[in-house]
Amino acid sequence: MSYSIHEVAEKLNLSTYSIRYYHDHGMLPFVERDANNNRVFHDIDIEWFRLIICFRNTGMPLERIQHYLALVQQGDETIPERYQMMKVQQERTIQELAALKDHLATINHKVAHYHDVLTQGKPDTYVPTDLPQPQPTDNIA
């Protein structure tokens, strides 16, 4: 099956600019051109894109993505290096997930606190010490 750049953008929730950027930087090596020089994408391009998006969303720099994709194209002799790259990315992602879980716990605590304030009339006891104190206002009319 083939797709236009707009279909790929819609399918992957990306801008056409992003798609052109990744293609122009050599990360979509199998994209073809039609008679009008428009990019024509196939399912394999979509799979490569999903991989690129995964790597980007887990913090892999573009240079590392380009290197990884080049290794894939070089063949099986690069599997050990690709494996090491994925192990590093896996560890980075595990660390990010742990940090996100900690942040979520803090947010969950605040949601519960504000729920109690709103539904049980409890006072809002959380006031950071670095916030400026409200100044009294003069109500002179």
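Numbering (the numbering used here), first residue to last: 3 to 143. Glycine included, C-beta positions come from ideal geometry on N, C-alpha and C.
- Message: Checking the sheet assignment: what are the DSSP bridge partners for S20?
- Response: Residue numbering aside, residue 20 sits at position 18 when the sequence shown is read from its first letter. S20 is not bridged to any residue.
- Count the other C-beta atoms from every protein chain shown that fall within 10 angstroms of the C-beta of I96, then say buried if there are 16 or more, exposed otherwise. To locate residue 96, count along the sequence shown from 1; it is residue 94. With fewer than 16 neighbouring CB atoms inside 10 Å of its own CB, I96 falls in the exposed class.
- Buried or exposed: where does Y85 fall if 16 or more other Cβ atoms within 10 Å of its Cβ makes it buried? Position 83 of the sequence shown, counting from 1, holds the residue named residue 85. Result: exposed.
- Item | Contact check, L64 vs F43, beta carbons under 9 angstroms | As a first step, residue 64 is located in the sequence shown; it is residue number 62 there, counting from the start. As a first step, residue 43 is located in the sequence shown; it is residue number 41 there, counting from the start. No, they are not a contact pair.
- Task: Let me know the secondary structure DSSP gives Y128 once reduced to three states.
- Result: Looking up residue 128 in the sequence shown gives position 126. In the three-state scheme derived from DSSP, where H, G and I count as helix and E and B as strand, Y128 is classed as coil.
- Query: Between the C-alpha atoms of K124 and K112, what's the straight-line distance to the nearest angstrom?
  - Reply: In the sequence shown, residue 124 corresponds to position 122, counting from 1. In the sequence shown, residue 112 corresponds to position 110, counting from 1. Straight-line Cα distance between these residues: approximately 13 angstroms.
- Measure the alpha-carbon distance for D126 versus L120 and round it to whole angstroms. On the sequence shown, residue 126 is found 124 positions in, with the first residue counted as 1. On the sequence shown, residue 120 is found 118 positions in, with the first residue counted as 1. Roughly 9 angstroms separates the two Cα atoms.
- If you scan the region 13-76 from start to end, which runs of the beta strand (DSSP E) of 3 or more residues do you find wholly inside it? Segments of the beta strand (DSSP E) lying fully in the region 13-76: 41-44.
- Please confirm whether H27 and Q68 have their CB atoms less than 9 angstroms apart. Within the sequence shown, the letter at position 25 stands for residue 27. Within the sequence shown, the letter at position 66 stands for residue 68. Note that the C-beta distance between H27 and Q68 is below 9 angstroms.
- Task: Check whether the Cβ atoms of M2 and D45 sit closer than 9 angstroms, and answer yes or no.
- Result: Outside the modelled stretch of the chain, which goes from 3 to 143, sits residue 2, for which no answer is possible.
- Contact check, Y23 vs K13, beta carbons under 9 angstroms: Position 21 of the sequence shown holds residue 23. Position 11 of the sequence shown holds residue 13. It is not a contact, given that the beta carbons lie outside the stated cut-off.
- Message: From the DSSP secondary-structure annotation, give me the bridge partner or partners of Y116.
- Response: Sequence index remark: in the sequence shown, residue 116 carries index 114 (1-based). Answer is none; Y116 lacks a bridge partner.
- D78 burial status per 10 Å Cβ neighbour count (16 or more: buried): For this step, residue 78 is matched to residue 76 along the sequence shown. Exposed: under 16 other Cβ atoms inside 10 Å.
- Alpha carbon to alpha carbon, how far is R66 from R94? Give it in angstroms, no decimals. For the purposes of this step, residue 94 is taken as residue 92 along the sequence shown, with counting starting at 1. For the purposes of this step, residue 66 is taken as residue 64 along the sequence shown, with counting starting at 1. Distance between the alpha carbons of R94 and R66: 14 angstroms.
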